[in-house]
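Q: Just add 154 to wherever you are in the sequence shown, counting from 1, and you've got the numbering used here.
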Amino acid sequence: MRETRPRIGKPRAFAVAPNLADYAAARARFSWDEARRALAGLPGGGLNIAHEAVDRHAASALRDRVAIRWLGKHGAVVDYTYGRLAAESNRFANALGALGVGKGDRLFALLPRLPALHLAALGAWKRGAVFCPLFSAFGPEPIRARMALGGARALVTTLALYRKKVAPIRDALPALEHVLLVDADGAAPPGTRALGPLFAAASDAFTIPPTDREDLALLHFTSGTTGAPKGAMHVHDAVVAHHATGRLALDLHDGDVFWCTADPGWVTGTSYGIIAPLACGVTLILDEAEFEAERWMAILERERVNVWYTAPTAIRMLMRAGVEVARGRDLRALRFLSSVGEPLNPEAVAWGVEAFGLPFHDNWWQTETGGIMIANFAAEEIRPGSMGRPLPGIDAAIVRRTDGGVEPIDEPDVEGELALAPGWPSMFRGYFGDPTRTARCFAGGWYLTGDLACRDRDGYFWFVGRADDVIKSAGHLIGPFEVESALLEHPAVAEAGVIGKPDPLAMEVVKAFVALKPGFAPTEELRRELIAFSRQRLGPAVAPREIAFSPSLPRTRSGKIMRRLLRARELGLPEGDVSTLEGRDDAA
Ligand code: ATP
Ligand code: MG
Numbered sequence: 155m156r157e158t159r160p161r162i163g164k165p166r167a168f169a170v171a172p173n174l175a176d177y178a179a180a181r182a183r184f185s186w187d188e189a190r191r192a193l194a195g196l197p198g199g200g201l202n203i204a205h206e207a208v209d210r211h212a213a214s215a216l217r218d219r220v221a222i223r224w225l226g227k228h229g230a231v232v233d234y235t236y237g238r239l240a241a242e243s244n245r246f247a248n249a250l251g252a253l254g255v256g257k258g259d260r261l262f263a264l265l266p267r268l269p270a271l272h273l274a275a276l277g278a279w280k281r282g283a284v285f286c287p288l289f290s291a292f293g294p295e296p297i298r299a300r301m302a303l304g305g306a307r308a309l310v311t312t313l314a315l316y317r318k319k320v321a322p323i324r325d326a327l328p329a330l331e332h333v334l335l336v337d338a339d340g341a342a343p344p345g346t347r348a349l350g351p352l353f354a355a356a357s358d359a360f361t362i363p364p365t366d367r368e369d370l371a372l373l374h375f376t377s378g379t380t381g382a383p384k385g386a387m388h389v390h391d392a393v394v395a396h397h398a399t400g401r402l403a404l405d406l407h408d409g410d411v412f413w414c415t416a417d418p419g420w421v422t423g424t425s426y427g428i429i430a431p432l433a434c435g436v437t438l439i440l441d442e443a444e445f446e447a448e449r450w451m452a453i454l455e456r457e458r459v460n461v462w463y464t465a466p467t468a469i470r471m472l473m474r475a476g477v478e479v480a481r482g483r484d485l486r487a488l489r490f491l492s493s494v495g496e497p498l499n500p501e502a503v504a505w506g507v508e509a510f511g512l513p514f515h516d517n518w519w520q521t522e523t524g525g526i527m528i529a530n531f532a533a534e535e536i537r538p539g540s541m542g543r544p545l546p547g548i549d550a551a552i553v554r555r556t557d558g559g560v561e562p563i564d565e566p567d568v569e570g571e572l573a574l575a576p577g578w579p580s581m582f583r584g585y586f587g588d589p590t591r592t593a594r595c596f597a598g599g600w601y602l603t604g605d606l607a608c609r610d611r612d613g614y615f616w617f618v619g620r621a622d623d624v625i626k627s628a629g630h631l632i633g634p635f636e637v638e639s640a641l642l643e644h645p646a647v648a649e650a651g652v653i654g655k656p657d658p659l660a661m662e663v664v665k666a667f668v669a670l671k672p673g674f675a676p677t678e679e680l681r682r683e684l685i686a687f688s689r690q691r692l693g694p695a696v697a698p699r700e701i702a703f704s705p706s707l708p709r710t711r712s713g714k715i716m717r718r719l720l721r722a723r724e725l726g727l728p729e730g731d732v733s734t735l736e737g738r739d740d741a742a
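1. Please go through the same chain and pick out, in chain order, the residues whose beta-carbon is closer than 6 Å to the beta-carbon of Asp-259, but skip the five residues on each side of it.
2. What are the partner residues of Lys-665, as DSSP defines its beta bridges?
3. Between which residues of its own chain and Pro-705 is the CB-CB distance below 7 Å, once the five residues before and five after are set aside?
4. Look at the alpha carbon of Cys-286 and the alpha carbon of Leu-261, and state the distance between them as a whole number of angstroms.
5. Of the residues Asp-610, Leu-727, Ile-548 and Val-436, which one's Cα is nearest the Cα of Trp-600?
6. Quick test of the definition: if touching needs 3 or more C-beta pairs under 8 Å, does the region 348 to 359 touch the region 243 to 252?
7. Of the residues Ala-628, Phe-667 and Tyr-316, which one's Cα is nearest the Cα of Leu-641?
8. Between Ala-329 and Arg-699, what straight-line distance do the alpha-carbon atoms span, to the nearest angstrom?
9. Starting from Lys-626 and walking both ways along the beta strand (DSSP E), at which residues does that stretch end?
10. Let me know if Thr-677 comes out buried or exposed under the rule of 16 or more other beta-carbons within 10 Å of its beta-carbon.
11. Below 7 Å between beta carbons: does that hold for Met-387 and Leu-406?
12. Is Pro-165 helix, strand or coil by DSSP?
13. Anyone know if the C-beta pair for Cys-595 and Glu-569 falls short of 7 Å?
14. How long is the line joining the alpha carbons of Leu-631 and Ile-625, rounded to whole angstroms?
15. Less than 7 Å between the C-beta atoms of Arg-401 and Leu-201, yes or no?
16. With DSSP as the reference, label Thr-437 as helix, strand or coil.
17. Whose CA, out of Ala-695, Leu-692 and Pro-383, lies closest to the CA of Val-732?
18. Residues in its own chain within less than 8 Å of Glu-729 by CB, not counting five upstream and five downstream?
19. Taking the beta strand (DSSP E) that Asp-605 falls in, what are its first and last residues?
20. In whole angstroms, what is the alpha-carbon distance linking Gly-199 and Arg-483?
21. Any heavy atom of the ligand FAD within a distance shorter than 6 Å of the CB on Thr-523?
22. Grouping DSSP H, G and I as helix and E and B as strand, with all else coil, what is His-388?
23. So, for Arg-555: in the same chain, excluding its five sequence neighbours on each side, which residues have a beta-carbon less than 7 Å away from its beta-carbon?
24. Between Thr-603, Leu-404, Glu-444 and Leu-265, which lies nearest to Ala-433 when the distance is taken from Cα to Cα?
25. Go ahead and label Pro-546 buried or exposed: buried means 16 or more other beta carbons lie within 10 angstroms of its beta carbon, across all protein chains shown.
26. In terms of residues, what are the limits of the beta strand (DSSP E) holding His-272?
27. Would the beta-carbon of Ala-371 fall within 7 Å of that of His-396?
28. Starting from the Cα of Glu-478, find the closest Cα among Val-231, Trp-186, Trp-505 and Arg-486 and give me that residue.
29. Hey, would you say Lys-714 sits closer than 7 Å to Ser-290, going by beta carbons?
30. Under a three-way DSSP split, which group does Asn-173 fall into?
31. Can you give me the Cβ contacts of Thr-592 inside the same chain, cut-off strictly under 6 Å, excluding the 5 residues immediately before and after it?
32. Determine the closest residue to Ala-175 out of Val-394, Ala-416, Ala-532 and Trp-578, with distance taken between C-alpha atoms.
33. Whole alpha helix (DSSP H) runs in the region 470 to 511 with 4 or more residues, listed along the chain?
34. Given a threshold of 16 other Cβ atoms within 10 Å of its Cβ, counted over all protein chains shown, does His-228 qualify as buried or as exposed?
35. In terms of DSSP beta bridges, what is Ile-715 paired with?
36. Which residues in the same chain as His-644 place their Cβ atom closer than 7 Å to its Cβ, once the five residues preceding and following it in sequence are excluded?
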């Protein structure tokens with residue numbers, strides 16, 4: 155299945171010369187110390203994300219550049235220059251100070267895509283507090299569980315979200331002292347405060363106190379795809395990786411307009427929705443509305459987006475809408491398309507070329523890694539279906555777990571667990587409150603990612619599946635992604651999720667759940683056709699033995715297929731933690 159699509163060769167000419175012009179040379183030259191020197195550092199020494207993201211630009215020629223362009227659901231457009239962002243995040247820091255929220259305190263944010271989110275994050279970092287974003291579509295219980303686990307001292311949210319989701323659980327959060335409402339106009343319910351008056355009383359001058367680069371800055375919950383979400387801790391030094399990967403993997407250039415579509419509740423929404431673009435001094439687009447194909451295309455066109463960072467689910471939804479959605483629009487400003495969060499099927503990479511004249515560049519990382527680790531680069535060849543190659547400064551390997559530890563697998567094209575050599579700045583410093591679990595991720599000098607992959611002869615990494623999702627059938631190890639990608643090549647298939655179903659003979663057999671594109675009916679004939687189609691592509695050992703049609707597949711709110719849920723449902727087992735399941739508790 156690997157390499158079923160033709161490679162997309164290195165571009166011959168560039169509108170703008172890529173930051174990473176030559177992969178091997180960039181790797182040879184790179185060091186994290188050097189990357190750190192590209193930032194300013196605090197005037198008295200130390201490193202603070204907010205200073206790198208905003209204050210240093212506000213004190214430079216970038217002061218009047220638009221840092222954030224917010225697009226309201228109903229057509230409002232509000233710009234924040236770097237100067238304004240610095241002043242308003244100072245106010246936020248002072249408002250937190252007036253409440254006694256300071257170093258090490260956890261400030262949670264339960265906010266939709268509003269600039270208040272950026273102000274809260276920056277204000278928290280300026281004060282030395284720890285920013286903890288939550289997904290605003292969570293229901294009360296997932297919110298309670300995460301705030302209790304993280305020991306929330308303060309929360310910033312909206313009046314409506316507070317009433318609906320936090321008020322019912324407030325009594326269960328005794329450590330939560332302050333609730334700040336960004337839109338309450340002074341009429342805040344008991345136990346909360348309107349941010350407006352606090353803001354008005356706060357000075358817009360603030361000096362960031364000494365910050366050690368190892369000071370805690372972020373607590374991020376994982377997506378909960380494989381089990382109950384874990385709280386990954388990140389420190390201020392992470393900004394070094396956000397800045398470097400923004401330039402090298404996303405190819406951000408001075409003057410760019412950048413749009414990261416991720417929800418602020420997930421790590422991408424902070425690392426690349428807040429920190430990386432601001433640290434790189436570009437203009438970021440923040441769209442309040444949810445996905446809608448026409449709206450998204452209109453934004454790309456009207457805002458002259460240069461670099462676009464999105465996710466496979468969104469790309470698949472656009473594919474459902476058809477290439478016409480992009481055609482006829484003036485998208486000449488678009489220069490670099492990229493995707494993260496789930497495997498990007500080769501089909502989707504090729505669709506990018508058809509619709510936009512540009513391929514999507516897949517990249518891989520996780521909440522724990524804090525930033526992009528493996529990527530397809532602007533100046534390099536793309537192998538559709540591959541996650542790409544490790545960033546400069548990142549050593550990745552394929553390893554096998556042994557009794558005594560782990561053993562690197564040097565031969566190409568052999569599957570094993572993806573491992574990274576610890577030491578990059580945005581590596582998590584542990585799971586909050588769970589040192590045992592943290593320790594389980596490290597062995598033999600490697601951080602073990604829990605994902606299976608293999609590396610080809612030229613160093614490109616290919617995602618196989620999560621260690622928990624891999625199917626063992628008649629002596630073969632089968633990655634669900636490979637089977638799903640093959641199914642997606644069939645014109646009738648919109649989505650596919652593949653699991654192993656226990657079988658007395660083969661140990662497991664491959665079962666696929668398939669959602670069809672509009673206009674296709676779930677007939678017996680189509681089922682047989684899909685089985686034959688995948689057998690032809692994958693061979694009988696790997697092709698699904700069973701196919702079930704389903705109108706949609708269970709996904710996390712960050713868009714990942716929850717195969718463990720497909721499996722539990724198939725086997726009639728308990729569903730486990732479903733707090734991040736899309737469509738659940740969605741009462742926003
Ligand atoms: P949990 O750890 O709670 O089960 P999660 O792993 O889905 O949730 P995240 O940290 O948000 O939480 O997601 C990271 C994971 O997403 C990766 O480990 C990988 O399995 C998957 N992933 C991310 N990007 C890619 C990609 N480009 N290709 C394949 N898989 C990807
Ligand atoms: Mg994970």
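For glycine and all other residues, C-beta sits at the position ideal for the given N, C-alpha and C.
A: Based on what the coordinates show:
1. Ala-283 and Arg-307
2. Ile-653 and Glu-700
3. Ala-669
4. 6 Å
5. For the options Asp-610, Leu-727, Ile-548 and Val-436, the alpha carbon positioned closest to that of Trp-600 is the one of Ile-548.
6. Yes: the two stretches touch, three or more of their Cβ pairs being nearer than 8 Å.
7. Phe-667
8. 52 Å
9. 625 to 627
10. Classification of Thr-677: exposed, given that the 10 Å Cβ count is below 16.
11. no
12. Of the three classes helix, strand and coil, the one that applies to Pro-165 here is coil, per DSSP.
13. no
14. For Leu-631 and Ile-625, the gap between their C-alpha atoms comes out near 6 Å.
15. With contacts defined as CB atoms closer than 7 Å, Arg-401 and Leu-201 fail to qualify as a contacting pair.
16. strand
17. Pro-383
18. Leu-719, Ala-722 and Arg-723
19. 600 to 609
20. 48 Å
21. Although the ligand FAD was asked about, the structure shown includes only the ligand ATP and the ligand MG as ligands.
22. strand
23. Glu-571
24. Leu-404
25. Classified as buried, Pro-546 has 16 or more neighbouring CB atoms from the shown chains inside 10 Å of its CB.
26. Careful: His-272 lies outside any beta strand (DSSP E), inside the alpha helix (DSSP H) at 269 to 281.
27. no
28. Nearest C-alpha to Glu-478: Trp-505.
29. Cβ atoms of Lys-714 and Ser-290: not closer than 7 Å.
30. coil
31. Closer than 6 Å at Cβ, skipping near neighbours: Gly-584 and Tyr-585.
32. For Ala-175, the closest of Val-394, Ala-416, Ala-532 and Trp-578 by C-alpha to C-alpha distance is Ala-532.
33. 500 to 510
34. exposed
35. Arg-709
36. Leu-684 and Phe-687
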